[in-house]
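Novice: Here it is: the structure, laid out below.
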Amino acid sequence: MTSPARRHRDKVEARIAARNAAAVAPAADMTAPRPPRAGRPSLAARKAARAAGEAAAGGVGETAERLQGALAGLAAANDNGAAPDRQPSPETLERLKMAEAKRRLKALQSREAKVDLKRELLEGFDPWVTGLLAGIERAVAADRDYRAPADDVALNVLIWRIDVGDLAGALPLFELALRHDWALPPNFHRNLVVFVVEEAADVALAELEAGRGADIMSLMTIEALTGDRDMPDEVRAKMLKAMGREFARRAELPPAEDDPQPSAQRRARLEEAVGRLARALELDPACGVKTELARLRRTLAKEEDPPPRASEADAPPPVKSKPSQEPPPGDA
Numbered sequence: 031m032t033s034p035a036r037r038h039r040d041k042v043e044a045r046i047a048a049r050n051a052a053a054v055a056p057a058a059d060m061t062a063p064r065p066p067r068a069g070r071p072s073l074a075a076r077k078a079a080r081a082a083g084e085a086a087a088g089g090v091g092e093t094a095e096r097l098q099g100a101l102a103g104l105a106a107a108n109d110n111g112a113a114p115d116r117q118p119s120p121e122t123l124e125r126l127k128m129a130e131a132k133r134r135l136k137a138l139q140s141r142e143a144k145v146d147l148k149r150e151l152l153e154g155f156d157p158w159v160t161g162l163l164a165g166i167e168r169a170v171a172a173d174r175d176y177r178a179p180a181d182d183v184a185l186n187v188l189i190w191r192i193d194v195g196d197l198a199g200a201l202p203l204f205e206l207a208l209r210h211d212w213a214l215p216p217n218f219h220r221n222l223v224v225f226v227v228e229e230a231a232d233v234a235l236a237e238l239e240a241g242r243g244a245d246i247m248s249l250m251t252i253e254a255l256t257g258d259r260d261m262p263d264e265v266r267a268k269m270l271k272a273m274g275r276e277f278a279r280r281a282e283l284p285p286a287e288d289d290p291q292p293s294a295q296r297r298a299r300l301e302e303a304v305g306r307l308a309r310a311l312e313l314d315p316a317c318g319v320k321t322e323l324a325r326l327r328r329t330l331a332k333e334e335d336p337p338p339r340a341s342e343a344d345a346p347p348p349v350k351s352k353p354s355q356e357p358p359p360g361d362a
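The sequence shown begins at 31 in this note's numbering and counts up by one.
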């Protein structure tokens, strides 16, 4: 019978023998390919995925095509050869285009150069905006209570349209944003209504300062859309100031040849100018319209004085009759 001490010694010797055998065994081949871990993509797949990310940094017009090519490489690199489970949606591709557009704008320092580039880039987003407006219109037609989620690309297009002075082009998106309660990105300090009203007024005032006319129809549409919206008095006064000055400018334009009542049209424009500038002065006494308002009021007063009737103004003065030289009857 083996004693406990002998059994313990046999175990120790077995451990020492196993350790020595491992020490003299040939080293494993570290250059052999390691099988991929479960759930981890292969190296080729990871490279293709990185190429897809780099494709997003290409030119705006080529981003979608380059991304699709990279995704094709990713599909080929998959172990089973199948396409990725999640293909990029059209929304993702448009966001990639917008991200690249912003990167190009950020590289510029000149404000004028940025405006020129925005004007060029906006054309590339027209198909997306047109499709978005049509899709939301169909959804609203099917369900009046439908509320479209905010679209970052559309909001940026709205902002850029105003930046380049295209107020008419911004209006459809502005109406859409108001109807569906969209908000500007968090980095904006003003809400959507205040931003659009103030920036549109600044665009109009800059056009007037440069001797050009403002887009009065777009300004009146914005005024109608935001008439019951809350905003600082100074912002509303700026919009009224821009509209009043445009009406005053139009009052001085030569009347159209086919205008049957040119004086009535001039008077109506003066009244619009005086009314809006007076309201602007009430909301913001420091808005800078006091002098021109007084001048326009004097001009309007002259226009309202009724001119003398043509029959009275053009009639020759009455001719005094000379006394008759004939003696009165009975004196002959």
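Built from N, CA and C at the ideal position, the CB exists for glycine as well.
1) Let me check understanding here. Comparing Cα to Cα, which of Leu326, Asn186 and Met247 lies closest to proline 216?
2) So alanine 178 packs on isoleucine 166, CB below 8 Å; how close in whole Å?
3) Less than 8 Å separating the beta-carbons of arginine 279 and leucine 214?
4) On the CB-based measure, 16 or more other CB atoms within 10 Å of its CB, does glutamate 121 come out buried or exposed?
5) Do the CB positions of leucine 283 and alanine 303 come within less than 8 Å of each other?
6) From Arg299, Val319 and Lys320, pick the residue whose C-alpha is nearest to that of glutamate 333; which is it?
7) Which same chain residues, not among the five before or five after tryptophan 190, have their C-beta less than 7 Å away from its C-beta?
8) Write down the C-beta distance between lysine 144 and leucine 138 rounded to the nearest angstrom, noting that I regard them as a contact closer than 8 Å.
9) Could you tell me the boundaries of the alpha helix (DSSP H) in which proline 292 lies?
10) Just tell me which of Asp196, Leu188, Arg174 and Phe225 has its CA closest to the CA of proline 262.
11) What would DSSP say about alanine 171, mapped onto helix, strand or coil?
12) May I ask you to report which of helix, strand or coil DSSP gives leucine 326?
13) Leaving out five residues on either side along the sequence, give the residues of the same chain with a beta carbon under 7 Å from the beta carbon of valine 170.
Specialist: In short:
1) Within the sequence shown, the letter at position 186 stands for residue 216. Of the listed residues, the one whose Cα sits closest to proline 216 is Asn186.
2) Within the sequence shown, the letter at position 148 stands for residue 178. Within the sequence shown, the letter at position 136 stands for residue 166. Yes, alanine 178 and isoleucine 166 are in contact; Cβ-Cβ is about 5 Å, under 8 Å.
3) Taking the first residue of the sequence shown as 1, we reach residue 279 at position 249. Taking the first residue of the sequence shown as 1, we reach residue 214 at position 184. The answer is no: Cβ separation not under 8 Å.
4) Mapped onto the sequence shown, residue 121 falls at position 91. The residue in question, glutamate 121, is exposed, as its Cβ has fewer than 16 Cβ neighbours within 10 Å.
5) Here residue 283 is taken as the residue at index 253 of the sequence shown, counted from 1. Here residue 303 is taken as the residue at index 273 of the sequence shown, counted from 1. For leucine 283 and alanine 303, no; Cβs fall outside 8 Å.
6) Here the question's residue 333 lines up with position 303 in the sequence shown. Here the closest residue by C-alpha is Arg299.
7) On the sequence shown, position 160 is the one that residue 190 refers to. Cβ within range, chain order: Lys148 and Leu152.
8) For this step, residue 144 is matched to residue 114 along the sequence shown. For this step, residue 138 is matched to residue 108 along the sequence shown. Between leucine 138 and lysine 144 the Cβ distance is about 5 Å, and since that is below 8 Å, they are a contact.
9) Within the sequence shown, numbered from 1, the residue matching residue 292 stands at position 262. That run of the alpha helix (DSSP H) goes 292-313.
10) As a position in the sequence shown, residue 262 is number 232, starting the count at 1. Proline 262 has its Cα closest to that of Phe225, out of Asp196, Leu188, Arg174 and Phe225.
11) In the sequence shown, counting from the first residue as 1, residue 171 sits at position 141. Helix, per DSSP.
12) As a position in the sequence shown, residue 326 is number 296, starting the count at 1. Note: leucine 326 maps to helix in three-state DSSP.
13) Taking the first residue of the sequence shown as position 1, residue 170 is located at position 140. Cβ within range, chain order: Tyr176.
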